[in-house]
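In UniProt numbering, the protein residues as written are 1 to 734.
Every residue gets a Cβ at the ideal spot worked out from N, C-alpha and C, and that includes glycine.
Notes follow once the structure below has been shown.
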């Protein structure tokens, strides 16, 4: 092996004979420009002044040297010494800025007016845009539409740097087509445009320019590892798309046969045909061909056209490979392996978990390759070129590793973006309306005639008058539209809250009504049960009475009269007792303040005392005190014959009146049950709290209610007296 074959091209080619790769295959219109670039490369790029400026900016703008650190946890697990060259800490997050800085500096020295570039994963585009912003150079970046979609964060960053990003919709819409479109753009103005090619491929001298610019990586690795271990690495591993980061890491070790150089290609979807981007792997179907200005291995279809490729990594999803890489693999100086999408994701997670670094998907392929190598050897020094950090891939890796959570996050972000866009559109519309209104106002002012003194004169022309009116109407319409738009932005959410509160109050009221109905149903059930029990007791008393036939005959007139009446005396008493019992139950169920209860009971007792005077009349009958009954005021106006007749009648009717007296005594017992009001009221308080949950009425309202209840009892007592009078009166008439 001769070093000159590896390190530089000869007449634009790497290697000799059939194993030579590279060359310069460009349209005639670009050939003079390529010749100018070769001259600039030999005379400017290699000059001491250029190298001095470049080295200064590498330190103060890029942030070199990037660290080489020992991955102690991974080394322990993999039984080898793993070293990571972390290019992700360079400015813009990847190795691409090394080459971008060199070429944009060269373009500025060549006095070009515009910089153009292609990009796949977006890292090269970001680097070029960053350097152009720093060196005050305009730039355009061409990127396949598919890559734009999956690398949107990098597109955003490029635009922030002031670059114009042009999506490429032709062909496969990936890196290959972005390169083609960039070459077309270059052909439109070859002398005013400088094409910053992002990888170690393309027409000569681009492979040499890119390799020299990226060789800083390998030089730093050699120096840093020697300082750390004092030895050369056993393995240097790098991923390969076009070959820029691989050639940058390998260049300084090409003459060291003890250093194994390994590239890792994209195995894609489990190495399936047409679902990968393997060009140099032993299982690859790539063939030597010429495309995009150089000769190398390309994935081709049966017609010799560039075939479709696939990889989760946009930076490795390319059908060709750099000519120097192809040459080194062909002479077996470089070994080639591959990693699938799944293996790359697993490697990314492994080093993130154990070493705290987030590698780019491209670099994760290199990490996966290093893990494969570590399984076959022990105690070797393995250096992995981690060419970029994985921030740019978060929209890909998160989608693959935490689908549901990422979907929820994106939905929230999409909702926020939609609101922002709606607001922005409204502002734009309002601005247009305001602008139109100002134009109308200005038009009105310009068209209004003035006299010599500058005062406004009325318009005589009917046409002018109509025009002015139309303009004013339009201005008013615009004003109304602005007011409506302003109302749309008002926050009326408080109306929704008020409506909700009203609904809650309505539901609470319905619950209270339902509780009241349940309580009333319980009261009615208890009352009906008590009435039924009293009726049964009354019937039992009547059945127990021992009435002979003579008594039956004496009672017949009264029974006949009773039967002919609309309401019988017996049922009057029973109805009265039932109504009084219901009234008592209602009183018990009412919620009365404790301090009002004695007053109410005293008032009720007074009414009962009055009614008892009437009850004594019947009690007198029961005790055969007929004389006192006849002497009472009830019979004061009767003559002697009538009194005798009544006395005889009363003596004969004594059993039935005794029955009435017993029933009235039962009424007295019912009234006496008021003594248990305290206990029942306390139970009612609990019932009210459990069923209704409503507050006790105010003391003043409850006092009024108590007075009304007392008045109602007075009426009931009066009706009782009247009923008793009627009973006695009917008996007298009989």
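Of the residues the options, the one placed nearest residue i, counting alpha carbons only
i: residue 396; options: 439, 417, 355 and 348; result: 348
i: residue 215; options: 369, 205, 200 and 110; result: 200
i: residue 76; options: 403, 171 and 380; result: 380
i: residue 29; options: 285, 124 and 183; result: 183
i: residue 194; options: 420, 116 and 146; result: 116
i: residue 160; options: 146, 133, 27 and 177; result: 133
i: residue 92; options: 103, 157 and 164; result: 157
i: residue 240; options: 414, 264 and 331; result: 264
i: residue 140; options: 146, 276 and 128; result: 128
i: residue 54; options: 36, 12 and 108; result: 108
i: residue 399; options: 312, 419 and 518; result: 312
i: residue 329; options: 260, 302, 403 and 122; result: 260
i: residue 256; options: 7, 406, 514 and 38; result: 7
i: residue 37; options: 118, 59, 73 and 210; result: 210
i: residue 135; options: 57, 74, 64 and 87; result: 57
i: residue 17; options: 331, 403 and 511; result: 331
i: residue 86; options: 412, 65 and 104; result: 65
i: residue 290; options: 412, 146 and 300; result: 300
i: residue 27; options: 118, 188 and 69; result: 188
Under 7 Å between C-beta atoms of residue i and residue j
i: residue 97; j: residue 62; result: yes
i: residue 338; j: residue 267; result: yes
i: residue 106; j: residue 45; result: yes
i: residue 319; j: residue 334; result: no
i: residue 153; j: residue 392; result: yes
i: residue 174; j: residue 317; result: yes
i: residue 138; j: residue 33; result: no
i: residue 368; j: residue 344; result: yes
i: residue 125; j: residue 242; result: no
i: residue 280; j: residue 336; result: yes
i: residue 244; j: residue 12; result: no
i: residue 213; j: residue 110; result: no
i: residue 123; j: residue 100; result: no
i: residue 275; j: residue 310; result: yes
i: residue 165; j: residue 179; result: no
i: residue 208; j: residue 415; result: no
i: residue 102; j: residue 151; result: no
Sequence-distant residues of the same chain with beta carbon closer than 7 Å to residue i, five excluded per side
i: residue 52; result: none
i: residue 453; result: In this prediction, residue 453 has a pLDDT of 45, which is less than 50 and means its spatial position is unreliable; what the coordinates show is noted afterwards. Excluding residues within five positions, none has a Cβ falling inside 7 Å.
i: residue 431; result: none
i: residue 202; result: 292, 293 and 294
i: residue 73; result: 354 and 355
Neighbourhood of residue i by C-beta distance below 6 Å, restricted to the same chain and skipping five residues each side
i: residue 206; result: 197
i: residue 186; result: 193 and 195
i: residue 378; result: 79
i: residue 390; result: 358, 359 and 360
i: residue 163; result: 129, 139 and 141
i: residue 382; result: 80, 82, 235 and 370
i: residue 292; result: 179
Close beta carbons around residue i, own chain, < 8 Å, minus the five adjacent residues each side
i: residue 177; result: 144, 168, 170 and 171
i: residue 258; result: 232 and 234
i: residue 71; result: 82, 83, 84, 351, 354 and 355
7 Å Cβ cutoff, residue i in contact with chain E
i: residue 335; result: As a matter of chain content, chain E is missing from the structure shown, which is built from one protein chain.
>> Ignoring anything shorter than 3 residues, give me the beta strand (DSSP E) runs that lie fully in the stretch 234-277, in order along the chain.
In response: 235-239 and 260-268
> Along the chain, which unbroken stretches of the alpha helix (DSSP H) at least 4 residues long are found entirely within the stretch 28-59?
Replying inline: 31-40 and 48-57
>> Extract the residue ranges of the beta strand (DSSP E) inside the stretch 152-192, only unbroken runs of 3 or more that lie entirely within it.
In response: 164-168
> Going along the chain, which unbroken runs of the beta strand (DSSP E) with 3 or more residues stay wholly within the stretch 274-346?
Replying inline: 287-291, 294-298 and 334-340
>> Closer than 8 Å is the cut-off here; do at least three beta carbon pairs connect the stretch 226-235 with the stretch 354-367?
In response: no
> Is the stretch 208-226 touching the stretch 241-252, taking contact as three or more C-beta pairs under 8 Å?
Replying inline: yes
> Counting Cβ pairs closer than 8 Å, one from the stretch 366-374 and one from the stretch 221-229, do we hit at least three?
Replying inline: no
> So does the stretch 360-368 actually touch the stretch 382-391, counting three or more Cβ pairs closer than 8 Å?
Replying inline: yes
> Touch check for the stretch 7-22 and the stretch 287-299: three-plus C-beta pairs under 8 Å?
Replying inline: yes
> What beta strand (DSSP E) runs, 3 residues minimum, are completely inside the stretch 53-112?
Replying inline: 68-70 and 81-86
> Curious, which full-length beta strand (DSSP E) runs of at least 3 residues does the stretch 339-388 contain?
Replying inline: 381-386
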